[in-house]
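Peer 1: Let me give you the structure first, and then I'll get to my questions.
Protein chains: 4
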Amino acid sequence: MQAPQDTKPRWERRKDARPQELLAAALDQFVERGYAATRLEDVAKRAGVSKGTLYLYFANKEELFKAVVRENIVHAIGEAEQDAAVFDGPSSVLLRAILMKWWDQICATQLAGITKLMLAEGNNFPELAQFYNEEVVARGNGLIASVLVRGIGRGEFRPVDPAVMTQVLVAPVLMLMMWTHSFMPTCEMPPIDPHAFMDTLIGVTLSGLEVAQP
Amino acid sequence: MQAPQDTKPRWERRKDARPQELLAAALDQFVERGYAATRLEDVAKRAGVSKGTLYLYFANKEELFKAVVRENIVHAIGEAEQDAAVFDGPSSVLLRAILMKWWDQICATQLAGITKLMLAEGNNFPELAQFYNEEVVARGNGLIASVLVRGIGRGEFRPVDPAVMTQVLVAPVLMLMMWTHSFMPTCEMPPIDPHAFMDTLIGVTLSGLEVAQP
Amino acid sequence: MQAPQDTKPRWERRKDARPQELLAAALDQFVERGYAATRLEDVAKRAGVSKGTLYLYFANKEELFKAVVRENIVHAIGEAEQDAAVFDGPSSVLLRAILMKWWDQICATQLAGITKLMLAEGNNFPELAQFYNEEVVARGNGLIASVLVRGIGRGEFRPVDPAVMTQVLVAPVLMLMMWTHSFMPTCEMPPIDPHAFMDTLIGVTLSGLEVAQP
Amino acid sequence: MQAPQDTKPRWERRKDARPQELLAAALDQFVERGYAATRLEDVAKRAGVSKGTLYLYFANKEELFKAVVRENIVHAIGEAEQDAAVFDGPSSVLLRAILMKWWDQICATQLAGITKLMLAEGNNFPELAQFYNEEVVARGNGLIASVLVRGIGRGEFRPVDPAVMTQVLVAPVLMLMMWTHSFMPTCEMPPIDPHAFMDTLIGVTLSGLEVAQP
DNA sequence: TATGAATGAGATTTCATTCAT
DNA sequence: TATGAATGAAATCTCATTCAT
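Chains as they are written, first to last, in the UniProt record's numbering: chain F, 1 to 214; chain X, 1 to 214; chain E, 1 to 214; chain R, 1 to 214.
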């Protein structure tokens, strides 16, 4: 069952994989229970290790949480930034790609729970809130704004205020994310087709943005 | 020593007012910090009483929270139910009145924080979630659905599924509520005019609901 | 058995006395075990209360320790400062009184253990060391130096450097303190008569300090 | 591959040197931080090995500390015992040599920190205290006492109680050691010239001890 | 009715020690 | 021999809840 080209002994592969396992377990637990209510002992149990092991890899609960965010969300933002930097086509295509990637990789996954968590508990953990705003909100919004600036600069988009326009784009997606992830499991929500929603949102917004072609 | 026009001695009025004061303090604290992070000591301090006094009126933290919800939200739902029961005019007027009351008394006030709190922490406190769904979500939705049924029965509304239609009505209001109450303080949102939003929402929905007048 | 003029109920007197009891227990434990090795649970047990009770009175271990130092050592320094401020006689008498008070109230008592503790563990707890140096070492030395300045100003003492002379006075007393409090119980020390030692020290030093009377 | 003039292969020389390296690192760490506050991980890091390696050479923290004491202090006492056993000259010369060796090799070096450490923490680690008293205090004092007995037996010294006289000799040296090793870094001490001190101490003591030469 | 001192279970974090490789 | 990942007991600190007054 082992890939033959894997030359490392089992425990060494384990060692390398350990941080990922811990981060995965932490993500599950944070999303399931929230930040404050997550007990590190439960994270450890979930990862099949002891409490102390967590501290071999992460200095404390806060750093563990930051690592989860970095590993998942910040990483994805970085990728999107790369994509944007080398992209050569129309800005509308780039913008659509970025928003869809955001939806597919974050909003539509378990990671949406992290966003919820920050909304819910950010107030009680100011350092976490600051980190999240700097690493996620600012960078994410900045990326979108930069695409808008690009489009405006290339004459593809009408000259709008990029910061405000970013909010106009981001807000509905946040809403949809909260909507589709039933925050209160027992509170049934009417079905929304996320892809249709995203498609419509992006379509309408882009057509409003684009300079009319004569 | 007592003001003569007061039928009750001062301390007795105090006694009667006490639970209200405690509930007000608890509401403030719950909204400000969330459920788990609210320390009963802070609630007591805020109300100007001792921790022990809280337990004279409320069996425990959970009951205190339930009382806050009952006193404020459930109470308002009850009033709306009363209003609906005696209302005699067109269903569209009734529906508009109910939604506007919801907005004005709950969504536009501090109480929106309770909704946020339940969305955010409900998972971690199943008994609270169950209570909230039974007393607030079910009754609130039920009220709206009943008005829809009334309108359909009276030939005012087109025959739609009341449960689904209720969701369609409720969802945007929840969205707006979350939107206007900045969940993440640092994350600036584009300005929305809540009254215009509500007006448009209700107007459009009602006109779609109403049977065409020949 | 109760003094009749004591009008407070027993537990109220208890409440007032509680911090003192905790400080006494903490002093015992700190002196017996050192700072790091003192477990707050043991302090609590010694005072006949629970762990949590300690935290009603002292924010944390460090503050508890500081309170012990303040209550005992800093307090005594303050008294000595008062004494010195109102004293009207010869500086040599004042100096002797201050040194003897130091010996009797601190060096010859359990409190000498605090000095030992700071010498031994100060390095590992920089904030504690800073506190101790500011509140105890600086003020204590400052008091002695001020008496020297007074004596020099009044023509009673020869013009020496007060700071250096303070060290010359303080050092042997510290030594004697360490000596008489066997730090390693099994390491027998030759008997020293502390009073004779102090008497000689002060006598010699003063006679060296004093301006020759023609 | 090995340097030919080396009879042992490099890794074997390494193996032999290893315990010494560990002991040196441990000494540094113990002196710097005290016994309790020394973390074996830091010792290992300092020696450039892994934590586990420490346990290949020393059963546990206590044994490591004992080994440090043996390697350094007990070893020096043994040498002095050898010297004394074969020494053939006047007892006063022998005594002076022993005291100066003690000063130069222990008191004036980093090893003085071990003495401080035992004074400070001995109480908390009874087994360590017992070991130290048996291996260091008893043997060291015994050595000095034996020289005194030798001198008395040879008619060089006046007939004093050797045990008491030993304390009289040892005490000031301990004092000086504590004095010169600033125990509280911020607490400045007046400068003392250790060599002058030792010289005077020994000179005065010996002249008091020696039988008057007619 | 009101107080607030007291409790103790439970959370995070540290570190000596073990052991599979 | 050497590693270093893993363990788990123990320490500090928090806070919902109780209860003597």
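The beta carbon of each residue, even a glycine, is placed where N, CA and C say it ideally should be. For clarity, every value in this text was computed on a predicted model and none was experimentally measured.
(1) Work out the CA separation of Lys51/R and Leu201/R for me, nearest whole Å.
(2) Return the residue from the list Ile77/E, Val69/E and Gly113/E that minimises the CA-CA distance to Leu176/E.
(3) Following the continuous alpha helix (DSSP H) through residue 215/F, name the residue where it begins and the one where it ends.
(4) If I follow the unbroken alpha helix (DSSP H) through Gln130/F, where does it start and stop?
(5) Am I right that Ile77/R and Arg139/R are in contact with their C-beta atoms under 8 Å? What's the rounded C-beta distance?
(6) Quick one: any contact between the segment 101-116 of chain E and the segment 148-158 of chain E, if contact means 3 or more CB pairs under 8 Å?
(7) Do Lys66/X and Phe131/X have their C-beta atoms closer together than 7 Å?
(8) Could you check whether Leu117/F and Arg35/F sit closer than 7 Å to each other, using their CB atoms as the reference points?
(9) DSSP state of Phe197/F, grouped into three classes?
(10) Using a C-beta cutoff of 7 Å, does Gly113/F count as contacting chain X?
(11) Taking 7 Å as the limit between beta carbons, can you name the residues of its chain near Met165/R, skipping five residues before and five after?
(12) With DSSP collapsed to three states, give me the class of Glu156/R.
(13) Please report how far the alpha carbon of Val68/X lies from the alpha carbon of Arg39/F, in whole angstroms.
(14) Would a C-beta distance cut-off of 7 Å place Leu23/E and Glu71/E closer than the cut-off?
(15) Ends of the alpha helix (DSSP H) at Phe87/F?
(16) Among the residues of its own chain, which have a CB less than 6 Å from the CB of Leu95/X, if the five just before and after it don't count?
(17) Name, in chain order, the residues that DSSP records as bridge partners for Glu210/E.
(18) Identify the contact partners of residue 279/X in chain F, using a Cβ-Cβ distance below 7 Å as the criterion.
(19) So that I know if they touch, is there some Cβ in chain X lying closer than 7 Å to that of Leu120/F?
(20) Residues of chain R with CB closer than 7 Å to the CB of Met175/E, please, in chain order.
(21) Do you know offhand how far Gln20/R's Cα is from Ala47/R's?
(22) For a contact meaning CB atoms closer than 8 Å, what does Met198/X contact in chain F?
(23) Per DSSP, what kind of secondary structure is Gly34/F in: helix, strand or coil?
(24) Interface residues of chain R around Trp179/E at Cβ under 8 Å?
(25) Buried or exposed: Ala25/F, going by 16 or more other Cβ atoms within 10 Å of its Cβ?
(26) So, helix, strand or coil for Thr205/R, using DSSP?
(27) Can you tell me whether Leu169/X is helix, strand or coil according to DSSP?
(28) Which whole-angstrom value describes the C-beta separation of Val136/R and Val49/R, a residue pair presumed to lie in contact below a C-beta threshold of 8 Å?
(29) Buried or exposed for Gln2/R, please, with buried defined as at least 16 other CB atoms from any protein chain shown within 10 angstroms of its CB.
(30) Compute the Euclidean distance between the alpha carbons of Arg59/E and Asp28/X, then round it to the nearest angstrom.
(31) Which of helix, strand or coil does DSSP assign to residue 217/X?
(32) Do Pro172/X and Ala145/X count as a contact pair if the criterion is CB distance below 7 Å?
(33) Below 8 Å on the Cβ atoms is my contact criterion, and I expect Thr18/E with Tyr57/E to pass it. Report the Cβ-Cβ distance as a whole number of Å.
(34) Out of curiosity, what's the CA-to-CA distance linking Arg150/F and Val86/X?
Peer 2: This is what the structure holds:
(1) 45 Å
(2) Gly113/E
(3) The requested residue 215/F does not occur in the structure, where chain F is confined to residues 1 to 214.
(4) Pro126 to Tyr132
(5) 5 Å
(6) no
(7) yes
(8) Residue identity differs from the one stated: residue 35/F is Tyr in this sequence, not Arg. Yes, these two residues count as a Cβ contact at 7 Å.
(9) helix
(10) no
(11) Leu148
(12) coil
(13) 28 Å
(14) yes
(15) Taken as a continuous stretch (DSSP letters only), Phe87/F belongs to no alpha helix (DSSP H), as it is neither H nor E.
(16) Val147
(17) Phe157/E
(18) The displayed coordinates of chain X run from 1 to 214. Any statement about residue 279/X would go beyond what the structure contains.
(19) Just to set this straight, residue 120/F is Ala in the shown sequence, not Leu. With 7 Å as the cut-off, Ala120/F counts as an interface residue toward chain X.
(20) Met175
(21) 10 Å
(22) Those do not exist, as Met198/X stays about 16 Å from chain F at its closest Cβ, beyond 8 Å.
(23) coil
(24) Ala171 and Met175
(25) buried
(26) helix
(27) helix
(28) Rounded, the Cβ-Cβ distance is 27 Å, inconsistent with contact.
(29) A caution first: Gln2/R carries a pLDDT of 45, below 50, which makes its placement in the model unreliable, though a value can still be read off. Exposed, by the Cβ-count rule.
(30) The amino acid occupying residue 59/E in the given sequence is Ala; Arg does not appear at that position. Each residue's alpha carbon lies about 26 Å from the other.
(31) Outside the modelled stretch of chain X, which goes from 1 to 214, sits residue 217/X, for which no answer is possible.
(32) no
(33) A small fix is needed here, since residue 18/E is Arg in this sequence, not Thr. Yes, they are in contact, since the Cβ atoms of Arg18/E and Tyr57/E sit about 7 Å apart, within 8 Å.
(34) 59 Å
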